[in-house]
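Here is the structure we will look at, set down as structure tokens.
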Ligand SMILES: Nc1ncnc2c1ncn2[C@@H]1O[C@H](COP(=O)(O)OP(=O)(O)OP(=O)(O)O)[C@@H](O)[C@H]1O
Ligand SMILES: [Mg+2]
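Chains as they are written, first to last, in the working numbering: chain A, 25 to 349; chain B, 274 to 597.
In structure tokens, the structure reads:
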């Protein structure tokens with residue numbers, strides 16, 4: 025069975041006076057129907073640009089480099105234009121943005137914004153569209169949906185606004201919901217509610233979900249598989265349980281160690297030394313080698329190949345001996 | 274909301290009264306007076322001069338003059354024009370208001386439709402050749418002095434090619450029994466050159482404001498979010514982006530509205546357009562105090578009212594300020 029989404033060698037470049045920068049540089053992955061996948065990485069690793077690329081929404085003057093491929097059910101998204109492209113946006117892939125404060129239009133009511141997402145993908149009467157809007161607002165747990173539909177974004181709390189964004193993303197009945205750090209901008213108590221809501225909706229609708237986060241804590245128990253991104257590339261992918269039990273890449277290990285634990289000694293918050301390198305000048309060889317305390321001879325000079333590290337687990341690191349596939 | 278409006282109205286009235294006093298006093302403090310002009314080219318006996326001073330109340334102390342003026346003005350009576358005696362100032366002003374409004378609204382319409390559309394187009398094609406050329410052209414129009422531009426257009430379209438009338442608002446040779454259609458066509462033909470002149474010099478401001486406002490909005494998250502839900506580009510641009518980029522235009526419009534009323538002095542002069550602009554310019558030359566007072570107060574009222582209208586429109590269009 026072909027996967028729902030196949031991304032192959034995705035590269036996003038921004039032209040610059042000092043030479044192009046490539047914040048997403050050769051990302052490949054696949055997502056099956058109904059699969060729950062997490063994309064994890066530090067700030068600046070290229071997660072958001074990867075999401076935006078799926079919908080061809082890279083901000084000017086950025087471009088998706090030739091040679092990249094994004095196939096949805098076998099259709100090449102990168103060669104679509106006009107109507108066909110709009111049918112993908114919101115219709116096949118729904119996108120929930122990071123900051124619900126800025127991603128709703130301040131001068132239009134939330135009901136209007138849900139309704140236009142509904143009618144963008146289905147022809148229906150005004151009354152039907154209104155009913156559908158209220159049903160969607162109800163589905164994402166907004167109290168008094170008929171009344172709240174007439175509210176403007178600034179009249180709603182951050183949590184409610186993010187629920188509205190989720191309703192908008194669901195309006196076109198997508199097969200894949202991409203949620204780009206959907207809780208980062210929210211209060212801690214609200215974060216859990218929104219994640220639970222996403223879980224419930226996914227189970228009910230049986231969509232695939234791509235959850236972007238820089239917090240491995242929200243991934244456990246919520247996704248089937250985790251992809252770890254570093255410096256514009258995916259460097260490890262593994263079933264979620266496996267990743268927590270036996271992370272293969274030193275970067276993944278460092279990420280796991282930097283997670284605050286609820287059990288165990290309090291106050292042990294390890295952070296990874298150094299910071300994500302600059303996309304105008306990626307390090308040679310393994311991009312993590314300047315920050316890696318276990319680097320060996322080939323790390324600085326040669327790009328590590330993908331190596332199997334366990335069942336369903338692969339990583340790009342010279343340290344991995346290689347498990348027979 | 275109503276308390277806010279009440280405060281604005283009170284502010285406006287106080288400002289209006291201040292302007293009235295200020296204009297009245299400054300006008301009389303400036304050297305020269307209407308009699309200088311009247312006696313300029315014909316000698317006048319001192320007794321006759323004194324009689325005229327008494328007639329227009331110019332022999333009274335400043336305070337008395339103002340009180341008399343104010344008492345009459347609240348009754349809507351601005352007295353008689355000195356230059357066009359005995360024509361009443363109110364008759365003079367009302368006969369000039371129509372032509373000014375006609376010219377002003379035509380230019381406003383061109384500005385709003387053309388300037389907004391071109392500005393949005395420029396923002397969408399930022400950095401392209403089209404964008405750069407539109408900027409150059411609009412700046413050239415902005416830099417051109419309006420009387421010079423008016424003259425160039427007249428000498429080409431009216432004198433050289435004889436396509437359009439050169440001046441006035443109506444053709445004096447039009448038969449008096451002409452139907453309304455040919456009258457309208459006549460006014461329309463006279464309107465073209467002054468309207469084009471004023472539009473060219475004023476379009477740049479609208480375009481540039483609209484371009485930069487639109488550029489600000491186009492990079493905001495909600496524009497990406499609107500595209501991400503599969504909306505048509507037209508809807509994304511106009512309903513989502515432009516709806517947030519019209520506030521600077523609204524402010525500009527508020528500054529523009531008074532010009533609708535007063536007309537543009539230079540252009541009205543060049544085209545001999547029978548509007549308030551040319552009336553005011555003439556009144557400045559002749560020191561026609563009653564006419565100057567009336568037009569100054571009209572401008573002040575227009576500025577204050579359009580300020581309030583702009584704020585009202587702003588509050589109506591921006592829900593964030595609506596319940597504030
Ligand atoms: N509009 C842009 N122009 C130029 N460079 C950009 C632009 N947007 C992003 N980048 C570059 O791409 C890099 C990755 O950005 P991206 O937003 O994808 O990171 P991210 O992984 O989502 O981080 P975060 O966790 O902070 O959201 C950034 O560090 C930045 O250098
Ligand atoms: Mg991001």
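Backbone N, C-alpha and C fix where the C-beta goes; we use that ideal spot for every residue, glycine too.
- By the neighbour-count criterion, in which a residue is buried when 16 or more other Cβ atoms sit within 10 angstroms of its Cβ, residue 589 of chain B is exposed.
- Close CB contacts of residue 444 of chain B within its chain, under the 6 Å cut and outside five residues either way in sequence, are with 459 (chain order).
- At a cut-off of 8 Å between beta-carbon atoms, residue 590 of chain B makes contact with chain A.
- Distance between residue 396 of chain B and residue 385 of chain B, taken at the CA atoms: about 16 Å.
- Annotated three-state conformation of residue 404 of chain B is helix, per DSSP.
- Relative to the non-hydrogen atoms of ligand 1, the Cβ of residue 73 of chain A comes within a distance shorter than 7 Å of at least one.
- Selection A:260, A:88 and A:45 evaluated against residue 62 of chain A yields A:260 as nearest (Cα-Cα).
- Not one heavy atom of ligand 2 sits closer than 7 Å to the Cβ of residue 326 of chain A.
- Scanning its chain for C-beta atoms nearer than 6 Å, with the 5 sequence neighbours on each side dropped, one finds around residue 274 of chain A the residues 316 and 318, in chain order.
- Using a CB distance below 8 Å, the part of the segment 500-513 of chain B facing chain A consists of 500, 501, 502, 503, 504, 505, 508, 512 and 513, ordered along the chain.
- Judged by pairs of C-beta atoms under 8 Å, the segment 136-148 of chain A touches the segment 490-507 of chain B, as three or more such pairs exist.
- For the pair residue 456 of chain B and residue 567 of chain B, the Cα-to-Cα distance works out to about 30 Å.
- Assignment of residue 263 of chain A by DSSP, reduced to helix, strand and coil, places it in the strand class.
- Taking 7 Å as the cut-off, one finds at least one heavy atom of ligand 1 near enough to the beta carbon of residue 69 of chain A.
- Within a 10 Å sphere around the beta-carbon of residue 441 of chain B sit fewer than 16 other beta-carbons, which makes this residue exposed.
- Following the DSSP letters along the chain, one finds residue 275 of chain A inside the alpha helix (DSSP H) bounded by residues 274-281.
- The beta carbons of residue 179 of chain A and residue 124 of chain A sit about 13 Å from each other, so the pair does not count as a contact at 8 Å.
- A Cβ-Cβ separation of about 13 Å leaves residue 535 of chain B out of contact with residue 555 of chain B under the 8 Å criterion.
- Taken atom to atom, the span from the alpha-carbon of residue 480 of chain B to that of residue 569 of chain B is near 30 Å.
- The Cβ of residue 518 of chain B sits no closer than 8 Å to any Cβ of chain A.
- Residues of chain A with a Cβ closer than 7 Å to the Cβ of residue 493 of chain B are, in chain order, 126.
- Taken from the Cβ of residue 38 of chain A, at least one heavy atom of ligand 1 lies inside 7 Å.
- When A:193, A:328, A:296 and A:220 are compared, the shortest CA-CA separation from residue 134 of chain A is found for A:193.
- Annotation: residue 523 of chain B to residue 576 of chain B spans about 14 Å, alpha carbon to alpha carbon.
- Counting only the Cα atoms, residue 538 of chain B lies some 32 Å from residue 317 of chain B.
- Proximity of residue 498 of chain B to chain A, defined by a Cβ-Cβ separation below 8 Å, is satisfied.
- Counting the other Cβ atoms within 10 Å of the Cβ of residue 251 of chain A gives 16 or more, which makes it buried.
- Per DSSP, the beta-bridge partners of residue 34 of chain A are A:51.
- Separation of the CB atoms of residue 330 of chain A and residue 256 of chain A is rounded to 16 Å, and the pair is thereby denied contact status at 8 Å.
- Distance from the CA atom of residue 592 of chain B to the CA atom of residue 173 of chain A, rounded to whole angstroms, is 14 Å.
- Between residue 176 of chain A and chain B, the shortest Cβ-Cβ separation is below 8 Å.
- Cβ atoms of residue 35 of chain A and residue 49 of chain A come within 8 Å of each other, at about 6 Å.
- Under the Cβ criterion of 8 Å, residue 256 of chain A is not counted among the residues facing chain B.
- Residues of the segment 188-213 of chain A whose Cβ lies closer than 8 Å to any Cβ of chain B, in chain order: 189, 192, 193, 195 and 196.
- Per DSSP, residue 305 of chain B lies in no alpha helix (DSSP H) segment and is marked neither H nor E.
- Inter-segment contact for the segment 469-483 of chain B and the segment 375-392 of chain B is present: three or more beta-carbon pairs are separated by less than 8 Å.
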